[in-house]
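In my numbering, the protein residues as written are 74 to 219.
Ideal placement from N, C-alpha and C gives every residue a C-beta, glycine not left out.
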Amino acid sequence: LLFVMKGNPRWLVPRGDMEVVEAMRPTCRSGDVLFAPASIGIFAYGLTACRAILSHKVDPGYERRLAQVRGFGALPPGERAALLDTYGVTHFLAPGDAGPRPVAWLGEATSFRRCLAVTTGPAWSLYVREREASPPSGVIGRSGCR
Numbered sequence: 074l075l076f077v078m079k080g081n082p083r084w085l086v087p088r089g090d091m092e093v094v095e096a097m098r099p100t101c102r103s104g105d106v107l108f109a110p111a112s113i114g115i116f117a118y119g120l121t122a123c124r125a126i127l128s129h130k131v132d133p134g135y136e137r138r139l140a141q142v143r144g145f146g147a148l149p150p151g152e153r154a155a156l157l158d159t160y161g162v163t164h165f166l167a168p169g170d171a172g173p174r175p176v177a178w179l180g181e182a183t184s185f186r187r188c189l190a191v192t193t194g195p196a197w198s199l200y201v202r203e204r205e206a207s208p209p210s211g212v213i214g215r216s217g218c219r
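In structure tokens, the structure reads:
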């Protein structure tokens, strides 16, 4: 009871983080990949069809990917876009709102489009793009938020 009643930061998920995860549930399909901080990635991995490149410390390569996520903001836009391409990222979570297209983050050639913005707590915007691979037979590719 004391554990639950104390203000333990590991006990409850910040409201803004959970709102982001809940809002992205309809946008994620099996095979989609999310680029986001681990605090959101771990819940997205468990509560959506997206798999996060950064979610839990027990994942192989976690430390390397953690360094990449932490250093992402210091990279020039072209290198950021290349990193997302390396992982096949379809869902990119950016702090704040970079507008309908995250050009400041990923450069003019980006195919990502803003799908949703969450302003509760720290502001986040979710940008989505289609996977590079063709959809399975009988599935029509969709754009935007899906």
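field: Backbone secondary structure at residue 87 - three-state DSSP
entry: The three-state reading of DSSP puts residue 87 in coil, since its state is none of H, G, I, E or B.
query: residue 126 and residue 106: beta carbons closer than 8 Å?
result: Their beta carbons are under 8 Å apart, which means residue 126 touches residue 106 by this criterion.
message: Let me confirm a value: residue 90 is counted as buried when at least 16 other C-beta atoms fall within 10 Å, else exposed. Which label applies?
response: Flag for residue 90 reads buried.
message: Please list the terminal residues of the continuous alpha helix (DSSP H) segment that includes residue 150.
response: That run of the alpha helix (DSSP H) goes 150 to 160.
message: So, at 7 Å on beta carbons, what are the nonlocal neighbours of residue 200 in its own chain, with the 5 sequence-adjacent residues on each side left out?
response: The residues are 165, 167, 175, 185, 186, 187, 188.
query: Under the three-state reduction of DSSP, which class applies to residue 207: helix, strand or coil?
result: Any reading at residue 207 needs caution, since the residue's pLDDT is 41, under 50, leaving its predicted position unreliable; the model's value is listed next. When secondary structure is reduced to three states using DSSP, residue 207 falls in the coil class, being assigned neither helix nor strand.
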